[in-house]
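To start, the structure under review is shown below, and the notes come after it.
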Amino acid sequence: MSQHPITEADLHAYVDAELSDSRRAEVAAFLAAQPEEVRRLQAYQLQKEVLRRLFKPVLDESLPAKLLDLTEPPIAATMEATAGPRVDAKKRPFLARWSVQRMAAGFAIALLGGAAGWLGHGQYQATERIAQPLPRQAAVAHVVYSPDIKRPVEVTAEQEDQLVKWLSKRLGTPVSPPKLGALGYELIGGRLLPGNSGPVAQFMYQDSSGQRLTLYLSTENSGKRDTGFRFAREGAVNVFYWVDGKFGYALSAGIDKGELARVATAVYDQLEPK
Amino acid sequence: MDSRAILAELPRLRRYARAMVGDRAVADDLVQDTLERGWSRVAQWRPGSDLRAWLFGIMHNLRVDQLRRQGLNTQPLDDAESEAPIRPTQSDRLEVNDLAAALARLPEEQRAVLLLVALEEMSYDEIASTLGIPVGTVMSRLSRGRERLRLLLEGRHPAAHLRVVR
Numbered sequence: 032m033s034q035h036p037i038t039e040a041d042l043h044a045y046v047d048a049e050l051s052d053s054r055r056a057e058v059a060a061f062l063a064a065q066p067e068e069v070r071r072l073q074a075y076q077l078q079k080e081v082l083r084r085l086f087k088p089v090l091d092e093s094l095p096a097k098l099l100d101l102t103e104p105p106i107a108a109t110m111e112a113t114a115g116p117r118v119d120a121k122k123r124p125f126l127a128r129w130s131v132q133r134m135a136a137g138f139a140i141a142l143l144g145g146a147a148g149w150l151g152h153g154q155y156q157a158t159e160r161i162a163q164p165l166p167r168q169a170a171v172a173h174v175v176y177s178p179d180i181k182r183p184v185e186v187t188a189e190q191e192d193q194l195v196k197w198l199s200k201r202l203g204t205p206v207s208p209p210k211l212g213a214l215g216y217e218l219i220g221g222r223l224l225p226g227n228s229g230p231v232a233q234f235m236y237q238d239s240s241g242q243r244l245t246l247y248l249s250t251e252n253s254g255k256r257d258t259g260f261r262f263a264r265e266g267a268v269n270v271f272y273w274v275d276g277k278f279g280y281a282l283s284a285g286i287d288k289g290e291l292a293r294v295a296t297a298v299y300d301q302l303e304p305k
Numbered sequence: 012m013d014s015r016a017i018l019a020e021l022p023r024l025r026r027y028a029r030a031m032v033g034d035r036a037v038a039d040d041l042v043q044d045t046l047e048r049g050w051s052r053v054a055q056w057r058p059g060s061d062l063r064a065w066l067f068g069i070m071h072n073l074r075v076d077q078l079r080r081q082g083l084n085t086q087p088l089d090d091a092e093s094e095a096p097i098r099p100t101q102s103d104r105l106e107v108n109d110l111a112a113a114l115a116r117l118p119e120e121q122r123a124v125l126l127l128v129a130l131e132e133m134s135y136d137e138i139a140s141t142l143g144i145p146v147g148t149v150m151s152r153l154s155r156g157r158e159r160l161r162l163l164l165e166g167r168h169p170a171a172h173l174r175v176v177r
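Protein chains in written order, with this note's numbering: chain W, 32 to 305; chain B, 12 to 177.
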């Protein structure tokens, strides 16, 4: 270990990957004997991750016209600015470029709306109690709970009977975790979560390498039409989701789309006996 | 400062503003003020320097002015006595809504540093120059902000110095 003591600033720099390789190794060596500190740093890491997810949808929102207008200098500033070494404003096809920019923005939004409408607008409106789309809820639940080493689930798979009984009672409908052992994923357990308007369930699975996968099960989809498989990507998390009657299912994992699709198909087959 | 470059920064400016102030309309007003001030000071802009850092710096100064004008408390409430965990009696779930609420309860300057690290992935040096504070201050705000957020979110296990209010 180094003669420089490890400081609080080092620990944050460790989380934020701001250390030199040698210092990072020293901090890692220090942490090896500090499980409490590791947990604390993991919590900080998770904060970062969830903050990013929380505000990511803002990046995809359409830009208000009043802000788009200000990408060009307002009249007053133009006069001031022409004194400087700026491009000659007169030479720019001002209006033409404008409409192209706007059209491009509008077009991008239309595409986003179609392909990823679930991203929704203004994640922050969560404070206004606007319902979160299923894949986003599922992905956030996945990213929050699946990295947890000590308490990934509320009820473990050893008590599967109790888990099934409890979740069925709370959701008001029989639910049970599909068996994915044939695909290499064993049930770890599950938990109850708050959905948009009531309880939802999350089942967690793990393969031999420790790769985790969560199945998010909501019964809040009354009135919605059934859907086929849909795919969404939330950062590093891939999500397959579908709606069947009042049930909404979302399978999330940090594995590639193909493998996740295989698992999703297996889940679907078990939940929908033909 | 050219239009395309500004257009490219707009989504990030909006995201940061939203995360800072919470309300969509207020956040967009802040971005609007930022761009207006940017244009009015365009002569101070050094071509080739970091436009994002420049605009974030302007936004930060505006926000400081704004809070001062509104007479809001911009001093960090660092005595933990005044803080209660958000959900002292609830279960152990870190949820998005909790995070948004907890974030709003951080002192402004801690929130700013936390968000510049998390959302903008700025280096500590960049944050120091954007906010016009020493790196040591960045580190202490980051450390306090993260720890406070953690305690707020883990309301079920409030640290000894956090009083549980019933």
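In this text, a Cβ means the ideal position worked out from N, Cα and C, and glycines have one as well.
Alpha-carbon spacing of L72/W relative to L42/W, whole angstroms: If you number the first sequence from 1, residue 72/W lands on position 41. If you number the first sequence from 1, residue 42/W lands on position 11. As the crow flies, the alpha-carbon of L72/W is around 7 Å from that of L42/W.
Pairwise C-alpha distance: V298/W and R83/W: To locate residue 83/W, count along the first sequence from 1; it is residue 52. To locate residue 298/W, count along the first sequence from 1; it is residue 267. C-alpha separation (whole angstroms): 30 Å.
Close-in-space but distant-in-sequence residues of the same chain around L246/W (CB under 6 Å, 5 per side omitted): Looking up residue 246/W in the first sequence gives position 215. Within the same chain, and ignoring the five residues on either side of L246/W in sequence, the residues whose Cβ sits closer than 6 Å to its Cβ are F234 and L282.
Buried/exposed call for V37/B, threshold 16 Cβ in 10 Å: Position 26 of the second sequence, counted from the start, is the residue given in the question as residue 37/B. The residue is exposed, with fewer than 16 neighbouring Cβ atoms inside 10 Å.
Cβ shell of E265/W (< 6 Å), same chain only, five flanking positions each side left out: Here residue 265/W refers to the residue found at position 234 of the first sequence. If we look at E265/W and ignore the five residues flanking it on each side, its Cβ neighbours are A170.
Identity of the residue in S228/W, G279/W and D179/W nearest L244/W by Cα: Here residue 244/W corresponds to residue number 213 of the first sequence, with the count starting at 1. If you compare the alpha carbons of S228/W, G279/W and D179/W with that of L244/W, the shortest gap goes to D179/W.
Cβ of M31/B within 8 Å of any chain W Cβ: Taking the first residue of the second sequence as 1, we reach residue 31/B at position 20. So no, M31/B is outside the interface.
CB contact flag (A123/B, L142/B, <8 Å): One-based indexing of the second sequence puts residue 123/B at position 112. One-based indexing of the second sequence puts residue 142/B at position 131. Yes, the Cβ-Cβ distance between A123/B and L142/B is below 8 Å.
Contact with chain W by L161/B, beta-carbon distance below 8 Å: By 1-based counting over the second sequence, the position of residue 161/B is 150. Per the sequence shown, residue 161/B should be read as Arg rather than Leu. Yes, R161/B counts as interfacial toward chain W.
Cβ-Cβ distance between R155/B and A74/W below 8 Å: Indexing the second sequence from 1 puts residue 155/B at position 144. Indexing the first sequence from 1 puts residue 74/W at position 43. Not closer than 8 Å, so no.
Nearest to V270/W (by Cα), restricted to the options P95/W, V294/W and S228/W: The residue given as residue 270/W occupies position 239 in the first sequence. Nearest C-alpha to V270/W: V294/W.
Interface partners of L110/B on chain A, CB under 8 Å: This model lacks chain A altogether; the protein chains it does include are W and B.
Neighbouring residues, chain W, relative to D39/B (Cβ below 8 Å): The count along the second sequence starts at 1 and reaches residue 39/B at position 28. Listed along chain W are P95, K97 and L98, each with a C-beta nearer than 8 Å to that of D39/B.
Proximal residues of chain B, C-beta to C-beta of P105/W below 9 Å: Here residue 105/W refers to the residue found at position 74 of the first sequence. Think of a sphere of 9 Å around the beta carbon of P105/W: the chain B residues whose beta carbon falls inside it are L46, E47, W50 and S51, in chain order.
DSSP beta-bridge partners of Q237/W: Reading the first sequence from its first residue, position 206 is the one you call residue 237/W. Paired residue(s): E217/W and R243/W.
Minimum Cβ-Cβ distance from E189/W to chain B less than 8 Å: In the first sequence, counting from the first residue as 1, residue 189/W sits at position 158. Closer than 8 Å: no.
Other residues of its chain near R79/B: CB distance less than 6 Å, five sequence neighbours each side excluded: If you number the second sequence from 1, residue 79/B lands on position 68. Excluding residues within five positions, none has a Cβ falling inside 6 Å.
CB contact check: S60/B to chain W, cutoff 8 Å: To locate residue 60/B, count along the second sequence from 1; it is residue 49. In terms of beta-carbon proximity, S60/B stays away from the interface with chain W, with every pair separated by 8 Å or more.
Amino acids of chain W, ordered along the chain, whose beta-carbon sits closer than 7 Å to that of I17/B: On the second sequence, position 6 is the one that residue 17/B refers to. Neighbours of I17/B on chain W, chain order: T102.
V174/W versus V268/W - alpha carbon distance: For the purposes of this step, residue 174/W is identified with residue 143 of the first sequence, where counting begins at 1. For the purposes of this step, residue 268/W is identified with residue 237 of the first sequence, where counting begins at 1. Taking the straight line from one Cα to the other gives about 8 Å.
Cβ-based contacts, 8 Å cut-off: residues of the segment 35-65 of chain W near chain B: From the segment 35-65 of chain W, only E39, A40, H43, A44, D47 and E49 have a Cβ closer than 8 Å to chain B.
Alpha carbon of R48/B to alpha carbon of I37/W, nearest angstrom: As a working note, residue 48/B is residue 37 in the second sequence. As a working note, residue 37/W is residue 6 in the first sequence. CA-CA distance, R48/B to I37/W, rounds to 42 Å.
Environment of A129/B [buried if 16+ CB atoms lie within 10 Å]: Along the second sequence, one-based indexing puts residue 129/B at 118. Buried, since its Cβ has 16 or more Cβ neighbours within 10 Å.
Neighbour flag for R77/B against chain W, beta carbons, 8 Å: Your numbering for residue 77/B matches position 66 in the second sequence. The sequence as given places Gln at residue 77/B; Arg does not occur at that position. Judged by the 8 Å Cβ criterion, Q77/B is not in contact with chain W.
Listed by chain order, chain W residues near P22/B by CB distance under 9 Å: Against the second sequence, residue 22/B aligns to sequence position 11. The answer, in chain order, is V89, L90, D91, E92 and L94.
Residue-level contact to chain B via CB, Y280/W, 8 Å cutoff: The count along the first sequence starts at 1 and reaches residue 280/W at position 249. Taking 8 Å as the threshold, the shortest C-beta distance from Y280/W to chain B does not fall below it.
For G59/B and S239/W, the rounded distance between their alpha carbons: Residue 239/W sits at position 208 when you count from the first residue of the first sequence. Residue 59/B sits at position 48 when you count from the first residue of the second sequence. For the pair S239/W and G59/B, the Cα-to-Cα distance works out to about 51 Å.
C-beta contact flag for E185/W and G221/W at 8 Å: Along the first sequence, read from residue 1 onward, the residue named residue 185/W stands at position 154. Along the first sequence, read from residue 1 onward, the residue named residue 221/W stands at position 190. Their beta carbons are under 8 Å apart, which means E185/W touches G221/W by this criterion.
Expected contact under 8 Å - CB spacing of S151/B and A64/B to nearest Å: The sequence position of residue 151/B within the second sequence is 140, counting from 1. The sequence position of residue 64/B within the second sequence is 53, counting from 1. 21 Å between Cβ atoms; not a contact.
Sheet register partners of P225/W (DSSP bridge): On the first sequence, residue 225/W is found 194 positions in, with the first residue counted as 1. Paired residues: P230/W.
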